[in-house]
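Residue numbers (our numbering): 327 to 1042. A short write-up of the structure that comes next.
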Ligand code: GDP
Ligand code: MG
């Protein structure tokens, strides 16, 4: 290893504090990319420490290193192929036994390693006393205590890492799997030697081959002479399997658990009086059989009301800003296409979308709070009973919850599911989770058509509808497309934390800037396109000669100028302008297209304008709002929400019922192009992507139709 440049990889369980420590080490000097070929996030950073350059990678959080879950595969390949100089294994000291299970597997990769005992504060509060020296003795690696969220122990950790790099001595670690297995490991190992290139940990390869790890078997078989190793390993595996009467992978896992249990008991002593923590008491309420679900629903309801009421204030400021900007720009541009493009198309469309930034930020604040406090895992536990009854795994609930923020990480989050059927079903229903991009549609429509006291409840009902539909569709998919057993729920509850301001702010900032970036790129482009399609063709044939009517009105007014009927005259001109604008719009390309598809959506109570808005919404849901902004504002001076709301409420084609149906439709149909792309990538199939799009549009139509008819029947 080059003496001055060190590569460090942080590995550990999800929620062990990896990212926190990563941030402590690297500060602002980091960037987020992707692992090559896959879409797992790769966070890299840089730190200069005592004359050395540390290049730090935050690996995906995992509980194990099998080839079955994508995150695990990515993490282990990053170690295996990139060979970081030092591995830092972050352990959650308050959950040490489970965390050690990964530690043991990391050690088998034969990479110099340092253990960070993080969450030392939580462990202490729980009455767990950990003997660092005993741990060092058992694992053969240095142990450093850290408290990530208070940035304690970071320097110590770096100094230890630097020390290990200096020594370059790696104590060999071997976990004894028992005489029968050890004999076979040796057998495979001896044929592997000389076949596998030097950089690979031979014992680990042998173990994985015996575990029937397809990735490793293929890797080895591809080496010259690898085929022979494969057949030796295969024979050895079959023999052992006959001996144990069980899948070897299970036997290996059991041995590891046993070993880890031993180490744990050796290292940790628990003070039983304290270990009945407040956390346990809180859990008893939050995950209670009866109370759990109402509490969860209550928290969600509160969150959406909060987002709606608090978010309205800054939203108004941004709108006023956009309006001012529009007026300001108008001063410098003469009437005509350019002015219309800039004021109606760009400032109107993009401004409309940007004005929802406060609500988006608040929503992510809520999600970050739920995640960081540890409540999310409880919610998953509470939901597991319901999830199981529809054949989904409780673990799916976390990606699905994340879907309220954005469907893309939700779909990618399905990677953590080991069972491919669970994965597919989760990917297919995740878009039914109402992501934040759909929020502007709801906000706009609820504010326009429902009184303030109902607004929160109306929105809440849409979110709940999404969940209910997801549950129903999951059940259907599971029953007809992907039949089979569900895996049992095994997920540890992370300890409760007071989230750090920094982690919350980072989260909000990342999301907020993504949203703004989207507004500045896709939505800007879409706004311009939409503007073009509603403004052209310029020479629409009108039902009356508006210019002449206006001139006549002017003339009549000027002739009787003393009568003081200025207001009346202005109203008449405005009415003519509005009529003319409406006819122009109806004759535009967008209008023509809208009329073309109108028969398809007429049964839902939608007119062609809504058709156009929904169509543009395929690219992204915010664009439904910006399109409506442009559709209802071209020709008039409306480019803020209040005025858009007014022109919506005065539009005869819209009613509270139609607005609600429109929200329902927006909830259900394909969220955006990016989601489609991710579905394609994650399922690796155009077929499933098309299926995802088609079923969601069909479902949107059917449910909207149902809601519309029932609403009509009830007399709305
Ligand atoms: P990751 O999933 O491993 O990247 O975990 P994060 O870095 O996101 O941390 C999860 C949560 O644990 C965050 O809310 C952190 O603020 C919190 N956290 C991290 N380290 C500690 C610690 O040492 N003590 C306590 N009490 N909380 C911590
Ligand atoms: Mg993390």
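Every residue, glycine too, gets a C-beta built ideally from N, C-alpha and C. Nothing here was measured: the structure is a model prediction, and the numbers come from that model.
Would the stretch 794 to 810 and the stretch 702 to 718 be scored as touching if the rule is three or more Cβ pairs under 8 Å? Yes, the stretch 794 to 810 is in contact with the stretch 702 to 718.
Of the residues 936, 860 and 740, which one's Cα is nearest the Cα of residue 767? Of 936, 860 and 740, the residue nearest in Cα terms is 936.
Can you determine whether any heavy atom of ligand 1 sits closer than 7 Å to the C-beta of residue 928, and answer yes or no? When distances are taken from the beta-carbon of residue 928 to the heavy atoms of ligand 1, even the shortest one reaches 7 Å or more.
Would you give the residue range spanned by the beta strand (DSSP E) that residue 334 belongs to? In the DSSP assignment, residue 334 falls within the unbroken beta strand (DSSP E) covering 331 to 338.
I need the straight-line Cα distance from residue 944 to residue 978, nearest angstrom please. Roughly 25 Å between the two C-alpha positions.
For residue 381 versus residue 405, is the C-beta spacing smaller than 8 Å? Not a contact, by the Cβ cut-off of 8 Å.
Does the Cβ of residue 929 have 16 or more other Cβ atoms within 10 Å, making it buried, or fewer, making it exposed? With a 10 Å radius around the Cβ and a threshold of 16 neighbouring Cβ atoms, residue 929 comes out exposed.
Contact test: residue 448 Cβ vs ligand 1 heavy atom, cutoff 7 Å: Checking the Cβ of residue 448 against ligand 1 gives yes.
Is any heavy atom of ligand 1 found at a distance shorter than 7 Å from the C-beta of residue 299? There is no way to answer for residue 299, as the model of the chain reaches only from 327 to 1042.
Closer than 7 Å to a non-hydrogen atom of ligand 1 - does that hold for the CB of residue 833? Residue 833 Cβ: outside cutoff for every heavy atom of ligand 1.
Proximity test, residue 951 beta-carbon vs ligand 1 heavy atom, cut-off 7 Å: Flag unset: Cβ of residue 951 not near ligand 1.
First and last residue of the beta strand (DSSP E) that includes residue 567? From DSSP, residue 567 is part of no beta strand (DSSP E) but of the alpha helix (DSSP H) over 552 to 570.
Just to confirm the assignment, what range does the alpha helix (DSSP H) spanning residue 903 have? It spans 892 to 913 - the alpha helix (DSSP H) in which residue 903 sits, taken as one unbroken run.
Measuring straight from C-alpha to C-alpha, what distance separates residue 729 and residue 702? Near 13 Å, if we compare the C-alpha coordinates of residue 702 and residue 729.
Could you name each continuous alpha helix (DSSP H) segment of 4 residues or more that falls completely within the stretch 381 to 456, going from the start of the chain to the end? For the stretch 381 to 456, whole alpha helix (DSSP H) runs of length 4 or above, ordered along the chain, are 396 to 408, 422 to 433 and 446 to 451.
Could you please give the first and the last residue of the uninterrupted beta strand (DSSP E) stretch that includes residue 471? It spans 469 to 471 - the beta strand (DSSP E) in which residue 471 sits, taken as one unbroken run.
Can you name the start and end residues of the beta strand (DSSP E) that residue 371 belongs to? Per DSSP, residue 371 belongs to the beta strand (DSSP E) from 367 to 375.
Which first and last residues belong to the beta strand (DSSP E) in which residue 716 is found? Bounds of any beta strand (DSSP E) do not take in residue 716, whose DSSP letter is neither H nor E.
Which runs of the alpha helix (DSSP H), 4 residues or longer, sit entirely within the stretch 780 to 863? The alpha helix (DSSP H) runs of length 4 or more contained entirely in the stretch 780 to 863 are, from start to end of the chain, 827 to 846 and 848 to 861.
Rounded Cβ spacing between residue 414 and residue 443 (contact assumed at less than 8 Å): Their Cβ separation, rounded to whole angstroms, is 11 Å, which puts residue 414 and residue 443 out of contact at 8 Å.
Would you mind reading off the limits of the beta strand (DSSP E) that contains residue 596? Residue 596 -> beta strand (DSSP E) spans 594 to 596.
Suppose contacts are defined by Cβ-Cβ distances below 8 Å. Is residue 986 in contact with residue 1033 by that definition? Less than 8 Å divides the Cβ of residue 986 from the Cβ of residue 1033.
Distance, Cα to Cα, residue 555 vs residue 514? Roughly 7 Å separates the two Cα atoms.
Contact under 8 Å by Cβ, residue 1030 with residue 1005: No.
Mark residue 782 as exposed unless 16 or more other C-beta atoms lie within 10 angstroms of its C-beta, in which case mark it buried. Buried: at least 16 other Cβ atoms inside 10 Å.
Heavy atom of ligand 1 within 7 Å of residue 480 beta-carbon: No, the beta carbon of residue 480 sits no closer than 7 Å to any heavy atom of ligand 1.
When the distance is taken between beta carbons, is residue 686 closer than 8 Å to residue 762? It is a contact, given that the beta carbons lie within the stated cut-off.
Helix or strand or just coil, what does DSSP make of residue 886? Secondary structure of residue 886 (DSSP, three-state): coil.
Mind the definition here: the stretch 848 to 856 touches the stretch 867 to 874 only if three or more C-beta pairs lie below 8 Å; say whether that holds. Because the criterion of three Cβ pairs below 8 Å is not met, the stretch 848 to 856 and the stretch 867 to 874 do not touch.
By Cβ distance below 7 Å, which residues in the same chain neighbour residue 402 in space, the five residues on each side in sequence not counted? Result list for residue 402: 391, in chain order.
Does the Cβ of residue 1009 have 16 or more other Cβ atoms within 10 Å, making it buried, or fewer, making it exposed? It is buried - the Cβ of residue 1009 has at least 16 other Cβ atoms within 10 Å.
DSSP beta-bridge partners for residue 478? BP columns for residue 478 point to 473.
Tell me the DSSP bridge mates of residue 379? Under DSSP, the beta-bridge partners assigned to residue 379 are 331 and 374.
Can you tell me which of 879, 665 and 379 puts its alpha carbon nearest to the alpha carbon of residue 411? Comparing Cα positions, the closest option is 379.
Evaluate the contact criterion for the stretch 661 to 669 versus the stretch 614 to 627: three or more CB pairs, one atom per stretch, below 8 Å. Between the stretch 661 to 669 and the stretch 614 to 627 there are fewer than three inter-stretch CB-CB distances shorter than 8 Å, so the stretches are not counted as touching.
I need the DSSP call for residue 617, collapsed to helix, strand or coil. Taken through DSSP and simplified to helix, strand or coil, residue 617 comes out as coil.
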